Amino acid sequence: MKTRSLVFGLFLLAGCAREPAPGEREVPSVPASDLPGHGTLNQDGTPKEGPRLLPVEVYIQFYLDVFGGLSPLGAETLARGKDGALFDTWRDYLASLGMPDYEKDIARVGQTNAMMLASFERVGVSLCDRAIERDLRGATLDKRTVFAFEPTKAAPTEAEFAARFDVLHRTFLGYPAALAETPRTKRFFDLYNATVARHTAKGAAPSTFTPTEAGWAAVCYGLVRHPELHTY
Amino acid sequence: MRPLPWLLSLSTLAVVTSAGAAPTLTEYRHFRALSVDLLGRVPTRADLAAFEKPGFDLDKWIDVALVGKGYAERVRRTYMDLLRLDVGSTFTFRPNASVLRRQTILGPDGKQMYVYYRNGQRRAREETDGVFCLSQADIGAVFTGTGVTIGTLTKVDAKVLDANTTLVKPWWLGATPTDPSWALIPELQKEPDGTATTMVRVCKEEASTATSAPVFATGRKAPVAGTPPPYGRVTALPLDSAYAATNKGKVIACEGGSAYSNTTGCGCGPGLERCLPAAGNSVEPAAFTLPQGAMLGVDRPTSLARDGEGGWHRQWWSQEAVRTIEWIAASDRDFREILTGKGTVVNGPLVQFYKHVAGGTCCGNGVNLGYVNPVGLVDEAKLPALAPTDGTWKVVDDRGPNASGILTMPVFLTKYGTRRGRAHVLYNVFRCRQFVAENLKLEPSTEPDLTKRSGCQTCHATLEPMAAYFTRVLESDWTWLPKESFPIDQASCRADPLKMSTTCKGYYDPAFTSPTATMLRGAYASVAHADEGPAGLAKATVSSPEFGKCVVTNMASSFLGRELGVEDEAMVTRLEGTFVGSGYKMRSLVKALVHELAYLTANNLSSSALCEGEGK
Amino acid sequence: MNQRETTERRTFLKVLGGIGAAAVTGAPVLRALAEDKTTTSDEFFVLIHAQGGWDVTLWSDPRNEDKGLVDPATDKLVNTEGLRRWVDDAEVRPGEHTFKKVQPAGSKIVFGPGIGDLADLYDRITLFNGVAVNTVSHPDGTAFAATGRHLAGGRVPASSLDSLLANEFGTGQLLPAVSVRFPSAFLGQDLDRRAMPLLVDGIGSMGRSLARSNANTTVADRDAVTALLTQEAKDLAARAHDPGAMNGFALQLSALTKMLGGPVQQIFDTTKLKAAQPTFDYTGRFMGAFAPNFAFAVEAMKANLVRCVSFAMGSFDTHTSNYTDHGLKLQETFDQITELVRVLDATPHPTRTGHKLSEHTHVIVVSEFCRTPQINLTGGRDHYPNGSALVISPKFRGNTVLGSSDLEQMLPISSRTFGDGLRAATPADVIATVLGAFGIDPRKYMRDGEVIKEVLR
């Protein structure tokens, strides 16, 4: 039986870049433009490796799962709410999210663009805001699909925040926050505190969210829009 | 750009182990990628908890995932992205033989009521022959073909109503659809007064359940130009078809598409099973609420919309291809069956289509060449007994001798309407080749043979013989042209090409016709291919040296999220060996693919982290 | 041409089109950031793809004689009701009339009846006829028309004209190139990734993605998230073997803030576009659905947000009895283009005081091929390896036709002597000429194609 690590071993080592050891054969590299006749020609120089864009079907499936396992139309109804301020219809977003349309022969979009990121935000904000309304306003812990933790009564310490953030991080990005390659927990803690402060400040814009809810909403936005969610 | 990674040999795998240790970031990311590709979703917190347990066996997890729904959907998605087997509303399909339109009249009590009818239905009563079964004299008004009412409706006499119409319990009422993806629109479930509909009133001819009927002919002559239609009709009295004129009284089958226009005895069958309802008499009245955005599956639409019979059929045609590809993947059948397989997967609506509607496009003026009883691409006897409302999907192992994978499915034949279009897409998707003519000079020429014509032959020398395999399937249609009615050389069509009859020109190519010979359209480049049919092209394609490599290339490109390059050739060769060696089993290919270094490194986010000792 | 380089704005804020993901290598982005070769211009471009293959016999290369292979359009084959320029000519068959060719007084160009109101603008039209497209395959012809290259192994081997124009003149714009189902392609390391066309399926649907509610959280809250994510993406890029994708993400996130904060949402809102540009025909039977693209082009140029707007119209792929409406489809298309020119005539240029927008806007209309001279059995026309291209540009000589096709088979005739000899013009030559009109050496981007100087002013 091969364990997880046996399979991963190859990848773990293969990904490293290093200088060749002394005596190791080095393959000389010549830029294509230096070759006769290639100086002015365009060449496909796109990278041959790099994070792939999450298939749009998988993204929507994720959205539906964390929304509570609803159908697309069920989720649409809930996301829209009474005023439709947070969500329009799936039809409005499918093209910008990169969904192919076989009827119209529109190909799947394999690259992000600013409009796609705009849709990620639009759709993601609705997910987070509705999750706040559901999870943090009375749902029992076992029914919470996004904020599956008890918020602290007082302002959370960094450690208290980290434990709760880790739940969200695992949900959205699929691994413990502590393994992140960026100072992620600290950044999100700062984001949380800044958002709470903004909503607590005198003259703050009116909001249906409490400052704490707004803080967690911002954290959720940061994860649902995170490049690591949308790539794999 | 950082230096390219240096790679260890595959033997390194054996010595690397960290069983029992907590997963590294790289391992989490790889697990997520596998989950995305094989399960169709990102891992849940529960999935992660299982993954983090000591002794988690990823290979076993992969094996389990490879028999799941998500894997089959992944394979389907790859090939549907390439083939785009869905037909939009620009392909109109509303054969008069099956669209049961609805007219509102005033009943004997003066209240509105509905009567269903077919446009073009032959009737013995001259006033209503070919049109609605109640005349202007009966109801005070007539209707145009697009549903416009001319005149003012008056009450219909009860005896006239009973003489010309019948009450029927139709298939679409009473039985709840077992498939949640569609619904009958409310207007078809209620009478004009709002009460629930339990029976529908249908013109008598349409209500017939006969399986065969004698050809009806009146011997009527065309009216003198300018003569107004009689009986207050909008259109002139219908004339007999050439076939009807010469075969009056001959008994023909009612399933053919020309039965309604050549007999008065062929109706919609028991429970109106040969027809589909329409809530009105416009060009294409709505009947169903159907999924519109159905990329997650028709059972999970992102939007719904009202549509008519055309939309209904187009949806199920596409689903047949979707389900068949998923079935091949999920059952780990020989992947060549996507082109060569006799099997398919159908539900109630598709059974209804193949049994009762598909013949509706047959046979046009082919009847003049004796083609009256359509030969289907699917042998109806092999189809399961599913009611039109039954959403159960059932495998049909053998559709019959003319069937061949997706090539003979309506969605393929209508999406790629022309013989050349069909051949081209196969050449591209299953052999990974493209027809491209570079800067050739096209000279005026009278050479009709494109395999020889200067400039054209660059592509057409290959394309025309491939297209010839589709000679016996009508373009933009699924109607099969059997040898018996359509020999390659039709003696009765031999003529000066400028003097060919309309019927002959429809099926035989004037460019290759003379007083001594004719050529069935599309066959000129290879008569042998024409007789082999689509199955011949399927066989040739999967036997081509490019097929295995092309499947590997398509799948690897999809999983790696990029086009493959020369640096991938060793991997492709390796995977092709696995794929072909396994008997063209997609599961073996995908399993090998997700173990390839290229897949493992596809998400190359953290190479620097790895070098800094991650996981140690 | 008033092209200038500027460093007035932070480069990264100007990046919009798909910097991220697969098409990005690190080098050009980093080079752009380091050298800041941001360029702006006063010129605008509207590129239209008549999708499906148009029938040139009904507009640019009119045929009204039953000669050789040519079956001319007749009042039996074509729906003439509403086809304003259709005037019956001789009988082709008893009771079946073909049309009179259209040639306004002073026009050197002879049109077919599908030209619509555009015939009135003959003095601003440059027409390429008898263009050797050498293909009857939609994907190949489409690629050839947009890039000047045939497909290679099924792939588009070169960048499309909109990408090239955006690269030359658009990197300073918030939206260098917006492509609404135009066959855009972006390839090669020599292009600035900011020029990558923003591919959208429809103008109207995009507006919804830009809507935001402030009921729960504020603009400041969301901008703080965007700033955090931008930093996250940059940090991930710094650790990646290939930083392109994450760098692109960072740049697109930054551009998003700009999009949400400015007038961009307005120009992606169909209702507002219709109100702002009410004269386009939004209810046209065949091309009404494409009218918002014209309105978008005008509004986006007026606001100086774009450099190039490209879109597809159609479908002209009329193999069957749907051919009867082909003339009406052409007429509606050209009527919309005429209206575009009229609106541009009445619209001040956003940066050139005293200039009209039309003085600096260049309209190029192409199709993948034309349709057979013969009418097929189902009353339609199939694909044919000949083409036309239309240019309305102050850089081009108006009232000019280059090239022709032979009378009997309608194949391209050698029209002039190019560097490689006597031959017909190709789509590559058309694209090269557009580039050449602005002093760009086509060899900078293209393998083939030669500037046809005689059609330029």
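Protein chains in written order, with the working numbering: chain W, 23 to 254; chain S, 426 to 1041; chain A, 110 to 566. Ideal Cβ positions, reconstructed from N, Cα and C, are used throughout, including at glycine. This one's a predicted model, so the numbers in the text were calculated from it and none came from an experiment.
Under the criterion of beta carbons closer than 8 Å, A/L516 and A/G239 do not qualify as touching, at roughly 11 Å.
If you draw a straight line from the Cα of A/S467 to the Cα of A/R394, it is about 27 Å long. For the stretch 687-716 of chain S, the set of positions with a beta-carbon nearer than 7 Å to some beta-carbon of chain W is empty. For chain S, none of the residues of the stretch 428-448 of chain A brings a beta carbon within less than 7 Å of one of its beta carbons. By the Cβ-count criterion, S/V854 is buried, with 16 or more other Cβ atoms from all chains shown falling within 10 Å of its own Cβ. Membership of A/M368 in the alpha helix (DSSP H) is indicated by the continuous run G353 to G370.
Here S/G532 has M538, K580, V581 and L586 as same chain residues with Cβ atoms under 8 Å from its own Cβ, once five neighbours each way along the sequence are excluded.
S/A566: member of the beta strand (DSSP E) spanning A566 to F568, first to last residue. The three-state secondary structure of W/M137, taken from DSSP, is helix. Shown in chain order are the members of the stretch 928-948 of chain S whose Cβ falls below 8 Å from a Cβ of chain A: K930 and G931. Between the stretch 517-530 of chain S and the stretch 685-703 of chain S there are three or more inter-stretch CB-CB distances shorter than 8 Å, so the stretches are counted as touching. Note on geometry: alpha-carbon atoms of W/L149 and A/S322 lie some 13 Å from one another. Going by DSSP, S/M538 is part of the beta strand (DSSP E) stretching over Q537 to Y542. If you draw a straight line from the Cα of S/A920 to the Cα of A/D538, it is about 46 Å long.
According to the DSSP secondary-structure assignment, S/I677 is paired through a beta bridge with S/A638. Check the Cα spacing between S/R856 and each of S/V593, S/S829, S/V976 and S/S939: the tightest is with S/V976. If you draw a straight line from the Cα of S/L578 to the Cα of S/G565, it comes to about 5 Å. Burial is judged here by how many other beta carbons sit within 10 angstroms of a residue's own beta carbon; A/L437 has at least 16 and is buried.
Chain-order list of chain S residues neighbouring W/D127: R509, by C-beta distance under 7 Å.
W/W238 does not reach chain S, its nearest Cβ partner there being about 17 Å away, counting only Cβ pairs nearer than 7 Å. Sequence-distant partners of S/Q859 (beyond 5 residues in either direction) whose C-beta falls short of 6 Å from its own C-beta, in its chain, are N853.
Counting along the chain, the unbroken beta strand (DSSP E) around A/E205 starts and ends at E205 to F208. Using a CB distance cut-off of 8 Å, W/H191 does not count as an interface residue toward chain A. Rounded to the nearest angstrom, the gap between the Cα atoms of A/G488 and S/K807 is 38 Å.
Closest by C-alpha distance to W/H191, out of S/W737, S/F481, S/T469 and S/I750, is S/T469. Taking C-alpha positions only, A/L486 is separated from S/P935 by approximately 11 Å. Contact residues of the stretch 472-492 of chain A toward chain W are absent (C-beta to C-beta distance below 7 Å). At a cut-off of 8 Å between beta carbons, W/T111 contacts chain S.
For A/R317, the closest alpha carbon among the candidates W/R144, W/C242 and W/R102 is that of W/R144.
Taking a C-beta cut-off of 8 Å against chain A, the contacting residues of the stretch 854-867 of chain S are C857, R858, Q859, F860, V861, A862, E863, N864, L865, K866 and L867, listed in chain order.
A direct Cα-to-Cα measurement between S/Y933 and W/D114 gives close to 48 Å. Listed along chain A, the residues sitting closer than 7 Å to S/P869 by beta-carbon distance are D515, E517, Q518 and L520. As computed with DSSP, A/W163 is found in a beta bridge with A/C479. Between A/A533 and A/G512, the gap from beta carbon to beta carbon is short of 8 Å. Taking every protein chain shown into account, the CB of S/H781 has 16 or more other CB atoms within 10 angstroms, so this residue is buried. Under the 10 Å beta carbon count, W/M121 is surrounded by 16 or more other beta carbons and is classified as buried.
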